[in-house]
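Counting from 1, one number per residue, gives the positions in the sequence shown under UniProt numbering.
Glycine residues also receive a C-beta, built at the ideal position from the N, C-alpha and C atoms.
Because the structure is a prediction, the values reported are computed rather than measured.
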Amino acid sequence: MSYLIESVTVEIEAPAELVWGVLLDYPNYPQWNPYTLAVDTTLAVGSPIDLTLPKPDGSEGTWVSREYIRVVEPPRLLRYDTGDTFPGLLGTRDQVITPLGAGRCSYRTFETFTGKYAEAVFAAQGEYVKKGFDSVAHALRDRVHVVQLEPDGFPGG
Numbered sequence: 001m002s003y004l005i006e007s008v009t010v011e012i013e014a015p016a017e018l019v020w021g022v023l024l025d026y027p028n029y030p031q032w033n034p035y036t037l038a039v040d041t042t043l044a045v046g047s048p049i050d051l052t053l054p055k056p057d058g059s060e061g062t063w064v065s066r067e068y069i070r071v072v073e074p075p076r077l078l079r080y081d082t083g084d085t086f087p088g089l090l091g092t093r094d095q096v097i098t099p100l101g102a103g104r105c106s107y108r109t110f111e112t113f114t115g116k117y118a119e120a121v122f123a124a125q126g127e128y129v130k131k132g133f134d135s136v137a138h139a140l141r142d143r144v145h146v147v148q149l150e151p152d153g154f155p156g157g
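Structure (structure tokens):
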């Protein structure tokens with residue numbers, strides 16, 4: 001059985017290519033991303049992606065989730081999963097940008113948990129992940145608007 005956690009879908013008044021660029025501008029994540037505080041990856045398919053996240057229990061500090069890049073389809077889809085990091089559990093995350101017409105697109109992200117421990121992880125972490133995903137969707141939209149106002153593109157980077 002699989003368990004799905006999906007963010008809100010946000011519409012963004014910007015081309016998909018610009019949103020993709022902001023989404024992959026990992027050095028600037030600390031400036032705008034409230035859920036994924038840092039990312040380390042080459043984006044090569046099969047390579048690791050290390051995601052620094054706040055602790056799920058709300059306590060001080062962070063933890064790093066090592067996952068693996070599976071699909072990179074600019075400017076539409078980024079997919080990574082936990083691979084065999086957690087025996088009995090596979091978490092697959094998709095970040096999807098959908099063009100909506102001239103200069104507009106939408107963004108949503110979702111994670112599917114499968115495996116022996118999927119139900120337990122979903123029950124324990126589902127609300128935390130949902131809040132995080134929703135915060136990223138809204139923050140990405142806001143960040144794209146800031147980037148659009150900068151004469152040289154990406155501020156601070």
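Which listed residue (108, 104, 47) has its alpha carbon closest to that of residue 6
Numbered from its first residue, the sequence shown carries residue 6 at position 6. Among 108, 104, 47, the Cα nearest to that of residue 6 belongs to 108.
Closest Cα partner of residue 134 within the set 20, 34, 98
The count along the sequence shown starts at 1 and reaches residue 134 at position 134. The option with the nearest alpha carbon to residue 134 is 34.
Identify, in the order they occur along the chain, each residue of the same chain with its Cβ nearer than 6 Å to the Cβ of residue 3, setting aside the five sequence neighbours on each side.
What you label residue 3 is simply residue 3 of the sequence shown in a count that begins at 1. The residues are 113, 118, 122.
Does the region 30-49 come within contact of the region 137-151, defined as at least 3 CB pairs closer than 8 Å?
yes
With distances taken Cα to Cα, identify the nearest neighbour of residue 128 among 23, 53, 29.
Within the sequence shown, numbered from 1, the residue matching residue 128 stands at position 128. Comparing Cα-Cα distances from residue 128 to each of 23, 53, 29, the minimum goes to 53.
Here's a check: name, in chain order, each residue in its chain whose Cβ is nearer than 7 Å to the Cβ of residue 63, leaving out the five neighbours to either side.
Along the sequence shown, one-based indexing puts residue 63 at 63. Answer for residue 63: 53, 55, listed in chain order.
To the nearest angstrom, how far is it from the Cα of residue 116 to the Cα of residue 61?
Looking up residue 116 in the sequence shown gives position 116. Looking up residue 61 in the sequence shown gives position 61. Rounded to whole angstroms, residue 116 to residue 61 spans 29 Å at the Cα level.
Ordered along the chain, which non-local residues of its own chain (more than five positions away) have a Cβ less than 6 Å from that of residue 41?
Here residue 41 corresponds to residue number 41 of the sequence shown, with the count starting at 1. Here the set comprises 49.
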